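Undergrad:
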Amino acid sequence: MSLNNTTLSATTTTVSTTVYDTGDNAWMMTSTALVLLMTPALAFFYGGLVDHKNILNQLFLSFVCMGIVFLQWVLFGFSFAFGPPVSSGFGSFGWSVLRFGESYNTNYSPTYPLLTYCAYQATFAIITPALISGAIVGRMKIIPYMIFIFVWSTVCYDPMAHWVWGENGWLKQLGTL
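Counting from 1, position 131 in the sequence shown corresponds to residue 131 in the UniProt record's numbering; the numbering is continuous, with no gaps.
This is the structure:
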C-alpha cells in the first residue's frame with residue numbers, strides 16, 4: 001500500500017468574524033417567544049368572548065393565521081419589509097426565502113444576527129392580522145379568511161413595516177418613531 005504525498009498550496013482567504021452579544025441575542029429570542037405566545041393567548045381571549053358554538057372557530061382562525069403569515073413572511077414578507085431597498089415604498093425580493101445568509105445586521109442591530117431580527121419581526125407580523133379574527137368570527141368562511149390574511153399581510157402590513165422600520169422608509173426618515 002503506497003501513500004501519495006501531495007503538496008497543498010495554501011491560499012489566503014479573508015474571513016470576517018462577527019461577534020454578537022450573546023445577552024442581546026438571548027433577550028431578543030426570549031422576546032420573540034413571548035410575543036409568539038401572545039397569538040394563542042389572543043385566540044383564547046377571543047374564544048372566551050364568543051358564543052360557545054364559535055369557540056373552536058375562533059381558535060382555528062388565530063392558529064391558521066400563524067401558519068399563513070409565517071409562510072408569507074418567510075417567502076417574501078421579510079424581504080418586502082426589511083430587505084435591500086428599491087424605493088421608499090417597498091423593499092425587494094433580495095432577501096426572499098430568507099436569502100440573506102449570514103449577513104451582518106448593521107442596519108437594524110449589530111449585536112444580534114439578522115435571523116433573530118427576522119423571527120422577532122415575524123411574531124408581530126403574525127399577531128397583527130390575528131387581531132382581525134375577533135371581528136369576523138362566525139361571519140366568514142375559512143378559505144376566504146385565509147386568502148384575506150395572505151393578501152392583507154402582503155398589501156398592508158409589509159409596506160407599512162417598511163415605511164416605519166425599513167432601512168429607507170419614508171416614515172422612518174420623517175422621525176415618526
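Virtual Cβ for every residue (Gly too), placed ideally from N, Cα, C. What you are looking at is a predicted structure, and each value in this text was computed from that prediction instead of being measured.
Among 112, 73, 107, which one has its Cα closest to the Cα of residue 93?
TA: One-based indexing of the sequence shown puts residue 93 at position 93. Selected option, being the one with the closest Cα: 73.
Undergrad: Does residue 18 come out as helix, strand or coil in the three-state DSSP assignment?
TA: On the sequence shown, residue 18 is found 18 positions in, with the first residue counted as 1. Coil, per DSSP.
Undergrad: Suppose you measure from the CA of residue 55 to the CA of residue 61; what does that come to, to the nearest Å?
TA: One-based indexing of the sequence shown puts residue 55 at position 55. One-based indexing of the sequence shown puts residue 61 at position 61. Cα to Cα, the separation comes out at about 10 Å.
Undergrad: Mind checking residue 36: buried by the 16 CB within 10 Å criterion, or exposed?
TA: Position 36 of the sequence shown, counted from the first residue, corresponds to residue 36. Residue 36 comes out buried.
Undergrad: Quick check: residue 80 and residue 154, are their CB atoms within less than 9 Å of each other?
TA: Numbered from its first residue, the sequence shown carries residue 80 at position 80. Numbered from its first residue, the sequence shown carries residue 154 at position 154. Yes.
Undergrad: Pair every Cβ in the region 121-133 with every Cβ in the region 154-173, then say whether three or more of these pairs are closer than 8 Å.
TA: Touching, yes.
Undergrad: Who are the Cβ neighbours of residue 21 in its own chain at under 8 Å, not counting the five residues just before and after it?
TA: Here residue 21 refers to the residue found at position 21 when the sequence shown is read from its first residue. Same-chain partners within the cutoff: 111, 112.
Undergrad: Within the same chain, show all residues whose beta-carbon is closer than 8 Å to that of residue 46, passing over the 5 residues directly before and after it, in chain order.
TA: Within the sequence shown, numbered from 1, the residue matching residue 46 stands at position 46. Correct list, in chain order: 58, 62, 133, 134, 137.
Undergrad: Just the Cα atoms here: how many angstroms apart are residue 15 and residue 175?
TA: Here residue 15 corresponds to residue number 15 of the sequence shown, with the count starting at 1. Here residue 175 corresponds to residue number 175 of the sequence shown, with the count starting at 1. Interpretation of residue 15 is limited by its pLDDT of 49, a score under 50 that renders its predicted location unreliable; the figure taken from the coordinates is listed afterwards. Approximately 36 Å between the Cα atoms of the pair.
Undergrad: Under DSSP, the alpha helix (DSSP H) around residue 158 begins and ends at which residues?
TA: On the sequence shown, residue 158 is found 158 positions in, with the first residue counted as 1. 158-165 is the extent of the alpha helix (DSSP H) around residue 158.
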